[in-house]
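Accompanying notes for the structure given below.
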Amino acid sequence: MRISIRAKLLLYSLVIIWLVGGSIAVFAITQSRVRMQEQFEGRCRSIAVILSSIIFNDVYFLDIHELHLHLNEARVNPDILYAYVTDPNRVVLADDSTATPDRDQVRDDPFVRQVAEAEQWCTVVEDDILRLGGPVLVPDEEPVGYLFLGFSLEQIEAVVATNTVSILQAVVVCVLIFGMIALYLARNLTRPIFELVRASGEIGKGNLNFSLPMRRRDELGVLTYAFNQMRRDLAVLIAREKRRTEELAAM
């Protein structure tokens, strides 16, 4: 199947528009997710630092009852899924539940070990949960325990999904607008070419009584002017040869 030059120009333009629009959409969605996650992580760190200062005395004096109450109160924040505290040896002291099944048990998962070894606030994302852990410090910077919190990322995912829909809608609208512009440009650029093709067919049929309209001043306009001039010269040449033939026939 033969594809016209207009269809090719339009197709190439649409491909470029979709590639550029898609790249922008992917970049915007990715940056939106990263930025929102960084902001959310910053808020979570602030909450964790404040909570660690609140429970410091409870951990230092091993007031497990008060420690449990403070951890349970922290669950007022709907984003906090769990909270528990260990001693420097990673032994669980208390959590936010009514019962602490892990009490006096050593937590030995990789993230807990990472926090204990780093002795600073660490984060990791696992199963749509932002796990955050860090030391509960005394004034001389010696940790008396470690606080661990789990924050739900559902709110972030919901906002990212909303932003994704908005970005995709904006990209589709832009693609449609630029697609219409591409269609207009393709028609505008190829119209003189189609007229030249049709005029060439007319010349092939021997019809020289026409003239292409001069609509442009660019290279296509120059080509149209040259074609009209060639048609006039050809008509003059044919008329001259016809008269000569008639004169020779009359002799």
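Add 660 to the 1-based position in the sequence shown for this note's numbering, that's all there is to it. The beta-carbon is built from N, C-alpha and C at its ideal position, and this holds for glycine as well.
In the DSSP output, what is residue i paired with across the bridge?
i       : result
Gly-794 : Leu-807
Tyr-742 : Gly-810
Val-766 : Val-751
Ile-789 : Glu-786, Ser-812
Taking the alpha helix (DSSP H) that residue i falls in, what are its first and last residues?
i       : result
Val-751 : Here Val-751 belongs to no alpha helix (DSSP H), and DSSP marks it neither H nor E.
Gly-702 : 665 to 714
Asn-732 : 724 to 734
Among the options, which residue has its Cα nearest to the Cα of residue i?
i       : options                            : result
Asn-867 : Val-775, Leu-797, Ala-899          : Ala-899
Asn-888 : Asn-869, Asp-756, Leu-828          : Asn-869
Asp-756 : Ala-846, Leu-731, Arg-876          : Leu-731
Ser-871 : Arg-877, Asp-878, Ser-860, Glu-879 : Ser-860
Asn-749 : Asp-769, Val-833, Glu-733          : Asp-769
Asp-878 : Gln-765, Glu-817, Pro-852, Leu-670 : Pro-852
Gln-697 : Leu-729, Val-820, Lys-668          : Val-820
Tyr-744 : Leu-727, Pro-738, Val-736          : Leu-727
Glu-817 : Ile-789, Ile-740, Leu-722          : Ile-789
Gln-815 : Leu-741, Ser-826, Ala-776, Gly-881 : Leu-741
How would you write the range of the beta strand (DSSP E) that residue i sits in, first residue to last?
i       : result
Glu-917 : Since the first and last residues shown for the chain are 661 and 911, residue 917 lies out of range.
Val-784 : 782 to 786
Please go through the same chain and pick out, in chain order, the residues whose beta-carbon is closer than 8 Å to the beta-carbon of residue i, but skip the five residues on each side of it.
i       : result
Ala-780 : It is worth fixing the name first, because residue 780 is Gln in this sequence and not Ala. Excluding residues within five positions, the ones whose Cβ falls inside 8 Å are Gly-794, Pro-795.
Trp-678 : Val-835
Leu-856 : Leu-872, Leu-883, Thr-884, Phe-887
Ser-664 : Thr-850
Could you pull out every residue in the same chain whose Cβ sits closer than 7 Å to the Cβ of residue i, ignoring the five residues on either side in sequence?
i       : result
Gln-774 : Cys-782
Leu-797 : Pro-803
Glu-862 : Phe-870
Gly-839 : Leu-674, Ile-677
Leaving out five residues before and five after residue i in sequence, what residues of the same chain have Cβ atoms less than 6 Å from its Cβ?
i       : result
Ile-707 : none
Arg-791 : Phe-771, Val-784, Gly-810
Thr-824 : Ile-689
Since residue i and residue j are thought to touch, with beta carbons under 8 Å apart, how far apart are those beta carbons, to the nearest angstrom?
i       : j       : result
Thr-746 : Gly-805 : 6 Å
Leu-669 : Ala-846 : 4 Å
Output yes if chain D places a C-beta closer than 8 Å to the C-beta of residue i; else output no.
i       : result
Arg-735 : Annotation note: the requested chain D is absent from the structure, which comprises a single protein chain.
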